[in-house]
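All the letters of the sequence shown, read from the start, carry residue numbers 184 to 310 under my numbering.
Heads up, the thing below is written out as structure tokens.
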Amino acid sequence: MSEQHPLASPDSWVVLRDPKELKAGAKKRILRSVQDSASNISMGLDVADGLMALLVENWQLPRPLPLPSVSPDSLDLMEIEDYDKLAELIRPAQQLLFPGNPDPTDAKDQAAQEADPASPTAPTVAS
């Protein structure tokens, strides 16, 4: 079920499709949209933009822009604060589609990596 969410700019909002409705083909389209797989930052941005194009069903922004499913360049023309808020809103969908990526800011993920003998992260030593 779709849900409307406020964005950062006054009177701005976005309607997002329920990510649980996505199928395997959606994940494949997102992965095919990655243009620079050598750079983690570029790859992350490409995945986020691809997911936004799939999830955004409608929006109202300070200035009219086509939906990203029609014109992906619309995402580049958004106000930074609105884009950042949209990126925050799609984060649960990213975790649903790509669950194997640990969050380095999450203490549980870090503890699990440190406890894993195959992890390249060395255990911390208390002094």
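Just so it is clear, CB atoms sit at the ideal spot from N, CA and C, and this is done for glycine as well.
On a predicted model such as this, the values are computed, not experimentally measured, just so you know.
Per-residue DSSP class, three states only, for residue i
| i | result |
| --- | --- |
| Glu240 | strand |
| Val197 | strand |
| Gln218 | coil |
| Gly283 | coil |
| Ser192 | coil |
| Glu262 | coil |
| Lys206 | coil |
Counted within 10 angstroms of its Cβ, other Cβ atoms place residue i as buried (16 or more) or exposed
| i | result |
| --- | --- |
| Met261 | buried |
| Met184 | exposed |
| Ser225 | exposed |
| Val230 | buried |
| Asp194 | exposed |
| Pro251 | buried |
Bounding residues of the beta strand (DSSP E) (the contiguous stretch that carries residue i)
| i | result |
| --- | --- |
| Gln187 | Glu186 to Pro189 |
Boundaries (first-last residue) of the alpha helix (DSSP H) holding residue i
| i | result |
| --- | --- |
| Leu248 | Run containing Leu248: none; DSSP gives neither H nor E here. |
Integer-rounded CB distance, given that residue j should sit under 8 Å from residue i
| i | j | result |
| --- | --- | --- |
| Arg212 | Gly233 | 7 Å |
| Pro202 | Trp196 | With a Cβ gap of about 18 Å, Pro202 and Trp196 do not count as contacting. |
| Ala276 | Pro255 | In fact, because the Cβ distance is near 17 Å, the residues do not count as touching under 8 Å. |
| Glu264 | Leu199 | 17 Å between Cβ atoms; not a contact. |
| Leu162 | Tyr266 | One cannot answer for residue 162 here, as it falls past the ends of the chain, which runs 184 to 310. |
Inset, instruction - Specify whether the segment 242 to 260 and the segment 203 to 210 touch according to this definition: at least 3 beta carbon pairs, one from each stretch, less than 8 Å apart. - result: no
Legend entry - the segment 217 to 224 touching the segment 267 to 277, judged by at least three CB pairs closer than 8 Å: no
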